[in-house]
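For reference, the structure discussed in these notes is given below.
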Amino acid sequence: MSSKRKIVVVILGRDEVLKKALITNILGKDLSKLNKRQALKKIEIYVNDIYEVMFTPDLYAEFKDIQDLLCINRYPDMCLLVVEHGFSSDDVRKQIEHLSNKTEKPAEEFIVLLPLSYKPTDYPFISCTMEQVFCELDRLAEGRNLMLTKTNVRSRPFVPLPRLSEPRTVTGMPAKRTSIKVNLVLLGMSGTGKSASGNTILGKSVFFSRPSSQPVTRECEIAETEINGKHVRVIDTPDMFDDEIEESVKNKHLKRCKELCELHPCVFVLVMHISRFTDGERNILKKLEKAFGRNVKEQTVILFTKGDDLHRAGKTLTDFLHSCQPDLKEMIQQLGNRCVLFENNRSGSAQVEKLLDTVIMVLEKQQKL
Numbered sequence: 044m045s046s047k048r049k050i051v052v053v054i055l056g057r058d059e060v061l062k063k064a065l066i067t068n069i070l071g072k073d074l075s076k077l078n079k080r081q082a083l084k085k086i087e088i089y090v091n092d093i094y095e096v097m098f099t100p101d102l103y104a105e106f107k108d109i110q111d112l113l114c115i116n117r118y119p120d121m122c123l124l125v126v127e128h129g130f131s132s133d134d135v136r137k138q139i140e141h142l143s144n145k146t147e148k149p150a151e152e153f154i155v156l157l158p159l160s161y162k163p164t165d166y167p168f169i170s171c172t173m174e175q176v177f178c179e180l181d182r183l184a185e186g187r188n189l190m191l192t193k194t195n196v197r198s199r200p201f202v203p204l205p206r207l208s209e210p211r212t213v214t215g216m217p218a219k220r221t222s223i224k225v226n227l228v229l230l231g232m233s234g235t236g237k238s239a240s241g242n243t244i245l246g247k248s249v250f251f252s253r254p255s256s257q258p259v260t261r262e263c264e265i266a267e268t269e270i271n272g273k274h275v276r277v278i279d280t281p282d283m284f285d286d287e288i289e290e291s292v293k294n295k296h297l298k299r300c301k302e303l304c305e306l307h308p309c310v311f312v313l314v315m316h317i318s319r320f321t322d323g324e325r326n327i328l329k330k331l332e333k334a335f336g337r338n339v340k341e342q343t344v345i346l347f348t349k350g351d352d353l354h355r356a357g358k359t360l361t362d363f364l365h366s367c368q369p370d371l372k373e374m375i376q377q378l379g380n381r382c383v384l385f386e387n388n389r390s391g392s393a394q395v396e397k398l399l400d401t402v403i404m405v406l407e408k409q410q411k412l
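Residue numbering for the sequence shown follows our numbering, starting at 44 and increasing by one per position.
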């Protein structure tokens, strides 16, 4: 294997959480479990037997590192620019022009990875879907004889990456994109905002919710909705992790929760208050594994509520993740850096779509295992 050239992928963009989640998805492991080395000042390189994936800092904060990296690695196999929901096409175009001018690489070599609910249209730059990225990675690996086992091969139809001379509309996408059904199981301690988050996902008030230090949700409840053509079943749960709750009560709630999510793929959404990390939450991953099995960490996303607390402090989610408590930081790493930020008092679909993007990423990763 060492004599074969690995596939080199450079990950660019401003959102650290999205970039690291993408690396986790490409390499199929939590970043904490991967071999990593440092390059230049702030370039992190994650490797396995097939890939060498380069995490870069913010485009504008540490651009000299990016410039030096692309001078050293003149011909990476793929340069992906990760963008967020609601991105400005003009802003992205300017980023690509900046990259091209400073690195002397053609603009066509920088491919914009669209959020999962987006489709390539007539953007003023080359764009692609996650599906196309994986197909291209598979094609490269197969061409270098790097895919030696069936478990390394993704069972996807080939969808070629676009070029500027080609129309940028996608055909042949798998039917699962639009017919997917998924259970979102809201878990967490009392008072973190599980029910309010469920209502935000549903786009209407279904679950009873009010600020309280005492449990408000007493039984598992379920409600369904369609989000961008995907059938989503939201399961709201009582606190099943408080050590003061009787074991028989916990077991009753756990049994009901499992019954509700028997029929469809399941993603666990661990709801946590952004401004509060309690002693009870420090070992919550062990409790999750005990309740739902040892693979639960591969199926879990953290949803931080009270995003407005961060905004009032003038901070972003990335700022928070850099400065949060070590135990919380380790928890986030164990969950593959999959986390989203919610403001449940704010309307708008962007935060829900970002959660759904992460959920789909989890499901696609499960299908590859």
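Glycine residues also receive a C-beta, built at the ideal position from the N, C-alpha and C atoms.
With DSSP run on the structure shown, which of helix, strand or coil describes residue i?
i      : result
ASN226 : strand
VAL126 : coil
HIS316 : strand
THR401 : helix
LYS273 : strand
LYS358 : coil
ARG381 : coil
ASP282 : coil
PHE251 : coil
MET374 : helix
ILE69  : helix
ILE265 : strand
CYS367 : coil
SER75  : helix
GLY215 : In this prediction, GLY215 scores a pLDDT of 31, lower than 50, which makes its location untrustworthy; the coordinate-derived value is nonetheless stated afterwards. Three-state DSSP puts GLY215 in coil, outside helix and strand.
LEU297 : helix
ARG187 : coil
LYS162 : coil
LYS62  : helix
VAL389 : Residue identity differs from the one stated: residue 389 is Arg in this sequence, not Val. Looking at ARG389 - three-state DSSP - the assignment turns out to be coil, as it is neither helix nor strand.
CYS304 : coil
SER291 : helix
GLY234 : coil
GLN394 : helix
DSSP has residue i in a bridge; who is on the other side?
i      : result
SER170 : VAL155
ARG80  : ILE88
PHE98  : ILE54 and GLU87
VAL310 : LEU227
MET121 : VAL52
Taking the alpha carbon of residue i as the reference point, which residue from the options has its own alpha carbon closest?
i      : options                           : result
LEU156 : ASN144, GLU179 and SER143         : GLU179
LEU398 : ILE345, ARG319, LEU378 and LYS295 : ILE345
HIS296 : ASN271, LEU328, LYS162 and ASP282 : ASP282
GLY379 : VAL51, VAL275, VAL339 and LYS85   : VAL339
THR172 : ASP400, ALA266 and VAL405         : ASP400
LYS358 : ILE154, GLY56, LEU384 and CYS263  : LEU384
LEU70  : CYS263, GLY231, PRO167 and MET97  : MET97
LEU39  : PHE153, ASP111 and GLU59          : Residue coverage of the chain in this structure runs from 44 to 412, which leaves residue 39 outside it and unanswerable.
LEU371 : PHE320, THR99 and GLU332          : PHE320
THR146 : ASP111, VAL135 and MET404         : ASP111
GLN138 : MET232, ASP322, GLN81 and GLY56   : GLY56
LEU303 : GLU87, VAL292, LYS247 and ASN226  : ASN226
PRO369 : ALA356, ARG389, GLN342 and ARG325 : ARG325
LEU113 : SER132, PRO149, GLN409 and ASN91  : PRO149
ASN271 : CYS382, TYR161 and CYS367         : TYR161
PHE335 : VAL90, PHE177, GLU407 and LYS301  : LYS301
VAL125 : THR280, THR268, VAL52 and ASN388  : VAL52
ASP165 : GLU174, ASN144, SER132 and GLU305 : SER132
What does a CB cutoff of less than 6 Å around residue i pick up in its chain, not counting 5 residues either side in sequence?
i      : result
GLU386 : GLY350 and ASP351
At what residues does the beta strand (DSSP E) containing residue i begin and finish?
i      : result
ILE54  : 50-56
THR348 : 343-348
Within its chain, find whatever has a CB closer than 7 Å to the CB of residue i; leave out the 5 residues flanking it on each side and keep chain order.
i      : result
SER75  : GLN376 and GLN377
THR67  : ASP73, LEU74, GLY379 and ASN380
ARG48  : ARG187
HIS128 : PRO158, ALA393, GLU396 and LYS397
ILE288 : ASP282
PHE284 : MET232, GLY323, ILE327 and LYS330
LYS63  : LEU74, PHE98 and ASN380
Return the chain-ordered list of same chain residues with a C-beta closer than 8 Å to the C-beta of residue i, the five sequence neighbours on each side being excluded.
i      : result
ILE431 : Residue 431 lies beyond the residue range present for the chain, which begins at 44 and ends at 412; the question has no answer from this structure.
HIS316 : GLY234, THR235, GLY236, PHE347, THR348 and LYS349
For residue i, report the span of its alpha helix (DSSP H) as first-last.
i      : result
GLN110 : 106-115
ALA239 : 237-245
THR146 : 132-146
LYS333 : 327-335
Would you say residue i faces chain D, with C-beta separation under 8 Å as the test?
i      : result
ASN116 : As a matter of chain content, chain D is missing from the structure shown, which is built from one protein chain.
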